[in-house]
Every structure is written in structure tokens, then in C-alpha cells.
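Shown next, in C-alpha cells, is the structure this report addresses.
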Amino acid sequence: MQFAALDDVTAAVADALAGRIEPGSDLDLAAPETLSLSEAVAIHRRWLGLPPAPFIAVPAFAARAVASVADLLGRLGWRSPLRSTALDVAAAGVSGHPALPDRQLKSLSETLADMPAGVQELWFARLYLLKPVIFGTLSLFWIVSGAIALLRFAASTQHLVDAGASLTFASALTLITSVADIALGLGVIVRRYSGTALKGMISLSLAYLTAATFLTPVLWVDPLGPLVKVLPSIALALVALAILDER
């Protein structure tokens, strides 16, 4: 694949507007350097100050499986770079024939050298890979939590009854909160509703902690830490909310 620096693209546009490029010209803006995907990744890693990493060629069926998952996420509103169209284009090659012989376009290394990487680029590179893990973990956590409460409905209700609530109130509250947990877990994987779902997770978690503190404060010192474990889930939801938007 070949690359083109944004500076070179804008310079070509300026030349076209100024009449220095013949109207109707069909030009390929591409640096003469041709790189493989692994070479491009290696250059980016050096730019970020990261050590070289081993590259493993995965079988085509594995790549297709990943692309199928990415396509499904695309239907949910997530713009994954591993969708089948992107992989097909990369496999076919992204190249062109330099059409401006009087101008030397910058290589990828030269382009990156003009904008030294800071901590924000390094953090983005690392967090971007963790983003699906973070959202997937939150979704699974909330769906499973709600499902367990429904599957063990009597035991879940009994906790509230033991705290002094009536059976009717305890049953209704258990049902409502269980359904809410599952709804939030499903909502967070739909891009359109993920922000609302994350805020709902944080709010509902705080409500759980507040209610449990008044109704069953002994759970704070329970050896299994059912209330203490809610705090990391709130922190993870805050992280997800912070990295949700890409623009």
C-alpha cells in the first residue's frame, strides 16, 4: 500500500484551485514508497516509541470470521476498521501511480516525523484496542447480573424481605432491577444508545450502593464483597464513557 500526507493533498488542491494543475486531470496522490501492512504498522510503532512486535499471518478463514463480527458491530453502529470491505480493499492493495513528477510526496516515515507522537497518541493506540473489551465486559456483566437475579428470583427477593421489605415490594423491585440490568447490558452495545446506557449503569450502580447501605449495610463487610465489587464496574463505565466518542 502507498500513503499520502495530508499536507501533500491540501497542496495539490491549492494548486488545482490556482490553475497550476490542468482542469479535468485525474491524478493519483501517492508517495513512491510501497509498504506492506506489517511494515506500515512497524513504522507507526516506532513513531509511538514502542518496541518491535512479532507479526503472525492468520489464515483467511480467521480473518473472515473477525470481519463477520466487525460487520455485525457495524450494523449496531460501531465503525470497526476490520469490516469485510476494509479487509478486501487492504488485500487488493491501495496503490497508485505518482502523477506529479515535479513534486516529491512525503513518505509515511517523513509524514509521521513532522508530527512527533505525544502521550495522547500512545494512550489512544492502547485504549482503542481495549475499547471492544471494555464495552463487551460491561455488556456481559450487566446482562449476566440481571439474568442471574431472574433465574434465582426467590433467593434475590429474599434478601430484600430479610431487610424488612414486603414480599410484594421485594418481588416487584427485583423484577424491575433485573430487567433494567439486562436492558442496560444490551443497550451499551448499540452505538446509538451506548452513552445513555453507560450513564444509566453509573446511576443505577450508585442507587444500588445507596439502597444497600441503608437496607443491608452488613454487605459492605461481606467476605465476597458484593458491594465493593460494584465500585470497579462504575470506574469501568466511566472509562467507557470517556472513550466513547472518537470526534
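Every position in the sequence shown, counted from 1, becomes a number in the numbering used here once 15 is added. Backbone N, C-alpha and C fix where the C-beta goes; we use that ideal spot for every residue, glycine too. If you're wondering where the values come from, they're calculated on a predicted model, not measured in any experiment.
Is the distance from the Cβ of residue i to the Cβ of residue j below 8 Å?
| i | j | result |
| --- | --- | --- |
| Ser-99 | Leu-88 | no |
| Leu-44 | Leu-120 | yes |
| Ala-19 | Ala-46 | yes |
| Gly-200 | Gly-151 | no |
| Leu-246 | Ala-178 | no |
| Ile-163 | Leu-251 | no |
| Ser-220 | Ile-249 | yes |
Take residue i and list the residues in its own chain whose beta-carbon comes closer than 8 Å to its own, dropping the five residues that flank it on each side.
| i | result |
| --- | --- |
| Leu-91 | Ile-204, Val-205, Arg-206 |
| Val-176 | Leu-182, Ala-185 |
Just to confirm the assignment, what range does the alpha helix (DSSP H) spanning residue i have?
| i | result |
| --- | --- |
| Gly-202 | 182-202 |
| Trp-62 | 52-63 |
| Met-216 | 206-230 |
| Glu-261 | Looking at the DSSP string, Glu-261 is not in any alpha helix (DSSP H), and its letter there is neither H nor E. |
| Ser-95 | Careful: Ser-95 lies outside any alpha helix (DSSP H) and carries neither H nor E. |
| Ala-169 | 168-177 |
| Leu-32 | 21-32 |
| Leu-253 | 245-257 |
Cα separation between residue i and residue j?
| i | j | result |
| --- | --- | --- |
| Glu-54 | Arg-60 | 10 Å |
| Leu-127 | Arg-141 | 18 Å |
| Ala-132 | Phe-139 | 11 Å |
| Asp-196 | His-174 | 18 Å |
| Thr-172 | Ser-186 | 6 Å |
| Ser-193 | Leu-165 | 6 Å |
| Ile-71 | Asp-260 | 31 Å |
| Leu-153 | Trp-93 | 16 Å |
| Ala-80 | Ala-106 | 15 Å |
| Ala-351 | Pro-147 | Since the first residue shown for the chain is 16 and the last is 262, residue 351 is missing from the structure and cannot be characterised. |
| Ser-218 | Phe-156 | 16 Å |
| Val-73 | Gly-39 | 43 Å |
| Leu-102 | Thr-49 | 18 Å |
| Ala-180 | Ala-212 | 28 Å |
Quick one: what does DSSP say residue i is sitting in, helix, strand or coil?
| i | result |
| --- | --- |
| Asp-43 | strand |
| Glu-48 | coil |
| Ala-85 | helix |
| Ala-128 | helix |
Who are the near neighbours of residue i in its chain, counting only those whose CB is closer than 6 Å to its CB and skipping five residues on each side?
| i | result |
| --- | --- |
| Ala-85 | Ser-95, Leu-97, Arg-98 |
Identify, in the order they occur along the chain, each residue of the same chain with its Cβ nearer than 7 Å to the Cβ of residue i, setting aside the five sequence neighbours on each side.
| i | result |
| --- | --- |
| Trp-62 | Leu-127, Ala-132 |
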